[in-house]
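In the order they appear, the protein sequences are chains Y and Z. Using the numbering used here, the letters of the first sequence map in sequence onto residues 269 to 738. Using the numbering used here, the letters of the second sequence map in sequence onto residues 269 to 738.
There are 2 protein chains.
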Amino acid sequence: MTLVLVPFADARRAEPPPPTDEQIAVQLRDEALAGQDLAWDWVSELTTRFGPRPAGSDNEQRAAEWAAARFKALGFANVHVETFPITAWVRGVESAQIVAPVLQPLAVAALGESPPTPPAGLEGEVVIFPTLADLKEAPPGSLTGKIAFVAARMVRTQDGEGYGAAVEARSGGPAEAGKRGAIAFVLRSVGTDTNRLAHTGTTVYVDGRVPVPAFALAAPDADQVERLAALGEKVHIRLYSTASYVKDAHSQNVIADVPGRVHPDEVVLLGAHLDSWDQGTGAIDDGTGTAIITAAAKLILDLPNRAPRRTVRVVLFGSEEVAQPVAPGGAFGGHAYADGHKAELARHVLAGESDFGTDRVYSLALPAAVAKSAFATTVTRVLEPIGVLAAREPPRYAGTDVGPAVEAGVPAFALLQDGSQYFDIHHTANDTLDKVDREQLDQNVAAWAALVWLAADSEVDFRPKAPAHE
Amino acid sequence: MTLVLVPFADARRAEPPPPTDEQIAVQLRDEALAGQDLAWDWVSELTTRFGPRPAGSDNEQRAAEWAAARFKALGFANVHVETFPITAWVRGVESAQIVAPVLQPLAVAALGESPPTPPAGLEGEVVIFPTLADLKEAPPGSLTGKIAFVAARMVRTQDGEGYGAAVEARSGGPAEAGKRGAIAFVLRSVGTDTNRLAHTGTTVYVDGRVPVPAFALAAPDADQVERLAALGEKVHIRLYSTASYVKDAHSQNVIADVPGRVHPDEVVLLGAHLDSWDQGTGAIDDGTGTAIITAAAKLILDLPNRAPRRTVRVVLFGSEEVAQPVAPGGAFGGHAYADGHKAELARHVLAGESDFGTDRVYSLALPAAVAKSAFATTVTRVLEPIGVLAAREPPRYAGTDVGPAVEAGVPAFALLQDGSQYFDIHHTANDTLDKVDREQLDQNVAAWAALVWLAADSEVDFRPKAPAHE
Chain Y
269 MTLVLVPFAD ARRAEPPPPT DEQIAVQLRD EALAGQDLAW DWVSELTTRF
319 GPRPAGSDNE QRAAEWAAAR FKALGFANVH VETFPITAWV RGVESAQIVA
369 PVLQPLAVAA LGESPPTPPA GLEGEVVIFP TLADLKEAPP GSLTGKIAFV
419 AARMVRTQDG EGYGAAVEAR SGGPAEAGKR GAIAFVLRSV GTDTNRLAHT
469 GTTVYVDGRV PVPAFALAAP DADQVERLAA LGEKVHIRLY STASYVKDAH
519 SQNVIADVPG RVHPDEVVLL GAHLDSWDQG TGAIDDGTGT AIITAAAKLI
569 LDLPNRAPRR TVRVVLFGSE EVAQPVAPGG AFGGHAYADG HKAELARHVL
619 AGESDFGTDR VYSLALPAAV AKSAFATTVT RVLEPIGVLA AREPPRYAGT
669 DVGPAVEAGV PAFALLQDGS QYFDIHHTAN DTLDKVDREQ LDQNVAAWAA
719 LVWLAADSEV DFRPKAPAHE
Chain Z
269 MTLVLVPFAD ARRAEPPPPT DEQIAVQLRD EALAGQDLAW DWVSELTTRF
319 GPRPAGSDNE QRAAEWAAAR FKALGFANVH VETFPITAWV RGVESAQIVA
369 PVLQPLAVAA LGESPPTPPA GLEGEVVIFP TLADLKEAPP GSLTGKIAFV
419 AARMVRTQDG EGYGAAVEAR SGGPAEAGKR GAIAFVLRSV GTDTNRLAHT
469 GTTVYVDGRV PVPAFALAAP DADQVERLAA LGEKVHIRLY STASYVKDAH
519 SQNVIADVPG RVHPDEVVLL GAHLDSWDQG TGAIDDGTGT AIITAAAKLI
569 LDLPNRAPRR TVRVVLFGSE EVAQPVAPGG AFGGHAYADG HKAELARHVL
619 AGESDFGTDR VYSLALPAAV AKSAFATTVT RVLEPIGVLA AREPPRYAGT
669 DVGPAVEAGV PAFALLQDGS QYFDIHHTAN DTLDKVDREQ LDQNVAAWAA
719 LVWLAADSEV DFRPKAPAHE
């Protein structure tokens, strides 16, 4: 290959006009799509070095320290860790068996925040309810000494609506079972796979505690209990858990900025969570989310001589998984951020969260105020070529981490990902790095980098307009 | 629709000639393919009622009693259970963690026949070997106090050759590790999936025992250990197992015949095994095998006024999974049958085994003696329409259960199934009923019913011919 040397003076004379915002967005998009190593290396090293990162654990704290050090090394500004107190929930040893008519092991996971069983375990006849609504119709006292089992199946959908519908049984089931005298609650895992790996997740406190020990059964185990009952057998099961609480634990948020060159106090907030459930290594929930927003922000940080007008802030939240409900005496990362930065929220111009796995972004929902704006037209022109449609509605749900900021008035966007496969893995031991697809990861980074750049380098007001005269 | 009544007397006058063997084979094939409930109901009830059926367990024994009762109810002759002594291996509580640099849980399964760890567990630095051959090159004493880890990956193949290649590390690894001073042996699961479910399987005795505690790591966990080492970390792991042996256990074979009408002492032997590994419910290994051969034999049993010339014998073997090697003081179903029926084996005309999951049969291997016979031509004509090719070679491997009979001279056939997906599930907790495809199950029954009928109703000699004069 011949190297052509362009005389420097000539090059300066022929200098083109500076690129437009849209041209830079396209450039960021294509750079991300071409494949860059940061997002992959980030999620690989995070999940490999620290494995599971349950809220309040040493692993979560070490991961936060690592992330802060990485942010500094990458050249981000204002890098720091903000610590907050939580009551940590710690899974112990757990097991379950069918004990009658014949001994058979069951694959289970205690639900987050659920109390331990007595040291000898709990044993009882299973009463099967097709749905939570059926359990709610059982008379008081009708489950005394028994184990309530809600067998509802989650529907697979692209947008996660199936999860929203199914998760009610996980949230509300233990209380409904307890009210009727049940000694424990089990449900078919809220998930769409057929692996012998139960899906955990948090359940709801009533009067300061989860009323009865609560477990998820893996889908094949739920099938098995139902089939055994259908053969006319009374099914007795045994449940055991040594779950415990740590009252004086803490978690932390990690913050890193790309400072704005014109309005450094105006913030575009990007969120993802660093904690994970304890059975997998939190690769798709939410290691990839932290990688996507970090890599997108780093692409913007690295633009030569072209910092965005506004600040881009990356926040890696702690203690997201046990956020609903807030444990008594605890908090969670999203609340801690909104509380600690209350005075700044009025100048947070936009917020979004990456916490739905690594599958492709297929839709962008913008705040209603800009739905038909020139900004939306530009963004659509940049993102449609990589498969991202403009959503018809503003985001229905901002996310757990940025949720409290959004409730306080910060406008939210959502880059909606295909969740068809997400709930095969979500909240199980299967959430590991091998489930991450690098091409999908790059497409996410591309969408985030382009959108965030356009929002941060604009003067657009995303807040709802005051009623106009016209 | 108009109903045409054919006068009975006229119908008798027009009576057609009796169907040929081939016509009956086609009829059996199509009846099976059309979908019949026996095979599905069999594997469903077996796996639901008894769950895991490890050799020597109550569950295995109850399943055998249930199978015998079902055989009688279905009208089989000579139904009985033959008991034999074994030393049972019992999985206990087991766990593993990365303990340094950071605590992380590992998904493991103790290998069958492997001894327990000391009650406090074992802890040591992991030394990674890409293959068993690399471990064999390590000098004596070089692993003192350490844990040997063979990280070889199984190759996915249709015919199971990938398993044959990979399983050598499982068989030979513990002894090679022990010789070099290792305190334990771990290997990447012999399997093709990426679930956090380790693949168990038996390992080999040396001087009456497995030399060191031996475990399989789930594939993502093997990845994790390798990646952590690649980051420059020394990886220490902890292993714990309370596995034990029961010296005075027993297992049993269940036998059922379709008696031959001409040569009742000539037997076509169909084998599958009733025991299973203890983590799943033995649906594809080998509940479906027992269902396939039972349903095929039942179709033949139900032929109106047309019992086959020779006897069709179904044997559901016990204690197959721990068959290699035979535990000291033990036996396994295949040996027990060949020993107990030694005098009859000379009149066992053909034997085959269904123990490779439920995926479609794609090839039929016949004994060399009939490779180019009219029998082979007929069978091919019947089976090719359902996707079964004639194999170019006689079976290379008869199967564990019929193996000892075949070694004693009984000719073997093999209906070869597609094993591309089999090792995603094989020997894991995921081996449950939901993994069984009814259409594939029916295709298996169709192939078995047609072939077995043709062999049993023939006078064909499948044994190697004595050297001829010509």
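Glycine included, each C-beta is placed from N, C-alpha and C at the ideal position. What you are looking at is a predicted structure, and each value in this text was computed from that prediction instead of being measured.
Could you tell me which of 615/Y, 623/Y, 645/Y sits nearest to residue 665/Y, measuring between CA atoms? In the first sequence, the residue the question calls residue 665/Y occupies position 397. Out of 615/Y, 623/Y, 645/Y, 623/Y has the C-alpha closest to the C-alpha of residue 665/Y.
What did DSSP end up calling residue 604/Z once you bin it into helix, strand or coil? For the purposes of this step, residue 604/Z is taken as residue 336 along the second sequence, with counting starting at 1. Three-state result, residue 604/Z: helix.
Around the Cβ of residue 542/Y, are there at least 16 other Cβ atoms within 10 angstroms (buried) or fewer (exposed)? As a position in the first sequence, residue 542/Y is number 274, starting the count at 1. Burial call: buried.
Looking at residue 632/Z: is its Cβ nearer than 8 Å to the Cβ of residue 651/Z? As a working note, residue 632/Z is residue 364 in the second sequence. As a working note, residue 651/Z is residue 383 in the second sequence. Contact flag set, yes.
Can you list, in chain order, the residues of its chain with a C-beta nearer than 8 Å to that of residue 290/Z? Leave out the 5 residues immediately preceding and following it. Here residue 290/Z refers to the residue found at position 22 of the second sequence. Once the five neighbours on either side are set aside, the close Cβ partners of residue 290/Z are 646, 649, 650, 722.
Within 8 Å (strictly less), CB to CB, does residue 562/Y reach chain Z? Stepping through the first sequence from its first residue, residue 562/Y is reached at position 294. Closer than 8 Å: no.
Integer Cβ distance of residue 508/Z from residue 389/Z, believed to fall under 8 Å: Against the second sequence, residue 508/Z aligns to sequence position 240. Against the second sequence, residue 389/Z aligns to sequence position 121. Residue 508/Z to residue 389/Z, Cβ: 4 Å. Contact.
Beta carbon of residue 414/Y nearer than 8 Å to that of residue 441/Y: Residue 414/Y sits at position 146 when you count from the first residue of the first sequence. Residue 441/Y sits at position 173 when you count from the first residue of the first sequence. No, they are not a contact pair.
Beta-carbon spacing of residue 503/Z, residue 493/Z below 8 Å: On the second sequence, position 235 is the one that residue 503/Z refers to. On the second sequence, position 225 is the one that residue 493/Z refers to. In this structure, residue 493/Z lies closer than 8 Å to residue 503/Z by Cβ.
Beta-bridge partners of residue 372/Y, as assigned by DSSP: Translated into the one-based positions of the first sequence, residue 372/Y becomes position 104. BP columns for residue 372/Y point to 366/Y.
Less than 8 Å between the beta carbons of residue 463/Y and residue 698/Z, yes or no? Locating residue 463/Y in the first sequence gives position 195, where the first residue counts as 1. Locating residue 698/Z in the second sequence gives position 430, where the first residue counts as 1. In this structure, residue 698/Z lies closer than 8 Å to residue 463/Y by Cβ.
Do residue 619/Y and residue 539/Y have their C-beta atoms closer together than 8 Å? Locating residue 619/Y in the first sequence gives position 351, where the first residue counts as 1. Locating residue 539/Y in the first sequence gives position 271, where the first residue counts as 1. Cβ atoms of residue 619/Y and residue 539/Y: closer than 8 Å.
Checking contacts by CB at 8 Å: is residue 237/Y closer than that to chain Z? This structure cannot speak to residue 237/Y, because chain Y is shown only from 269 to 738.
Would residue 368/Z count as contacting chain Y if we go by Cβ distances under 8 Å? Here residue 368/Z corresponds to residue number 100 of the second sequence, with the count starting at 1. Not one chain Y Cβ lies under 8 Å of residue 368/Z.
Whole-angstrom distance between residue 661/Z and residue 691/Y, CA atom to CA atom: Looking up residue 691/Y in the first sequence gives position 423. Looking up residue 661/Z in the second sequence gives position 393. C-alpha separation (whole angstroms): 45 Å.
Would you tell me roughly how many angstroms separate the C-alpha atoms of residue 454/Z and residue 373/Z, rounded to the nearest one? Locating residue 454/Z in the second sequence gives position 186, where the first residue counts as 1. Locating residue 373/Z in the second sequence gives position 105, where the first residue counts as 1. For residue 454/Z and residue 373/Z, the distance between alpha carbons rounds to 15 Å.
Just checking, does the stretch 314-324 of chain Z make contact with the stretch 353-365 of chain Z on the three C-beta pairs under 8 Å criterion? yes
Is it right to say residue 702/Y is buried, meaning 16 or more other beta carbons lie within 10 angstroms of its own, or is it exposed? For the purposes of this step, residue 702/Y is taken as residue 434 along the first sequence, with counting starting at 1. Answer is exposed; the Cβ neighbour count stays below 16.
Contact under 8 Å by Cβ, residue 627/Z with residue 687/Z: Taking the second sequence and counting its residues from 1, one reaches residue 627/Z at position 359. Taking the second sequence and counting its residues from 1, one reaches residue 687/Z at position 419. The answer is yes: Cβ separation under 8 Å.
Roughly how many angstroms separate the alpha carbons of residue 230/Z and residue 683/Z, rounded to a whole number? Shown here, chain Z extends from 269 to 738; a query on residue 230/Z therefore has no answer.
Out of curiosity, what's the CA-to-CA distance linking residue 306/Z and residue 565/Z? One-based indexing of the second sequence puts residue 306/Z at position 38. One-based indexing of the second sequence puts residue 565/Z at position 297. So the alpha carbons of these two residues sit roughly 11 Å apart.
Along the chain, where does the beta strand (DSSP E) containing residue 345/Y start, and where does it finish? Translated into positions along the first sequence, residue 345/Y becomes position 77. Run containing residue 345/Y: 345-358, per the beta strand (DSSP E) assignment.
So which residues of chain Y does residue 668/Z contact, with C-beta pairs closer than 7 Å? On the second sequence, residue 668/Z is found 400 positions in, with the first residue counted as 1. By Cβ distance, chain Y contributes nothing, its closest Cβ being about 25 Å from residue 668/Z, past 7 Å.
Interface residues of chain Y facing residue 496/Z [CB-CB closer than 8 Å]: By 1-based counting over the second sequence, the position of residue 496/Z is 228. Those are 316, 317, listed as they occur along chain Y.
So, is the C-beta of residue 491/Y closer than 8 Å to a C-beta in chain Z? The count along the first sequence starts at 1 and reaches residue 491/Y at position 223. Yes, contact with chain Z.
For residue 597/Z, I'd like the list of residues in its chain whose CB is within less than 7 Å of its CB, leaving aside the five on either flank, ordered along the chain. For the purposes of this step, residue 597/Z is taken as the residue at position 329 of the second sequence. Bear in mind that the predicted position of residue 597/Z carries a pLDDT of just 49, short of 50, making it too unreliable to give a figure here.
Is there contact between the stretch 669-676 of chain Z and the stretch 600-607 of chain Z, where contact requires at least three CB pairs shorter than 8 Å? yes
Is there contact between the stretch 397-408 of chain Z and the stretch 423-430 of chain Z, where contact requires at least three CB pairs shorter than 8 Å? no
Could you check whether the Cβ of residue 597/Y sits closer than 8 Å to any Cβ belonging to chain Z? The residue given as residue 597/Y occupies position 329 in the first sequence. Interpretation of residue 597/Y is limited by its pLDDT of 49, a score under 50 that renders its predicted location unreliable; no figure is taken from the coordinates.
Strictly below 8 Å CB to CB, what residues from chain Y border residue 312/Z? Counted from its first residue, the second sequence places residue 312/Z at position 44. Ordered by position in chain Y, the residues that pass the 8 Å Cβ test against residue 312/Z are 495.
Just checking, does the stretch 363-380 of chain Z make contact with the stretch 338-345 of chain Z on the three C-beta pairs under 8 Å criterion? no
Beta-carbon within less than 6 Å of residue 575/Y's beta-carbon, same chain only, minus the 5 sequence neighbours each way: which residues are those? Taking the first sequence and counting its residues from 1, one reaches residue 575/Y at position 307. Answer for residue 575/Y: 529, listed in chain order.
Helix or strand or just coil, what does DSSP make of residue 534/Z? On the second sequence, position 266 is the one that residue 534/Z refers to. It is a strand residue.
Going along the chain, which residues of the stretch 699-721 of chain Z sit with their C-beta nearer than 8 Å to a C-beta in chain Y? 700, 701, 702, 703
Rounded Cβ spacing between residue 486/Y and residue 457/Y (contact assumed at less than 8 Å): On the first sequence, residue 486/Y is found 218 positions in, with the first residue counted as 1. On the first sequence, residue 457/Y is found 189 positions in, with the first residue counted as 1. Confirmed, about 6 Å.
If we cut at 8 Å on Cβ distances, does residue 336/Z have a partner in chain Y? Stepping through the second sequence from its first residue, residue 336/Z is reached at position 68. By this cut-off, residue 336/Z is not an interface position.
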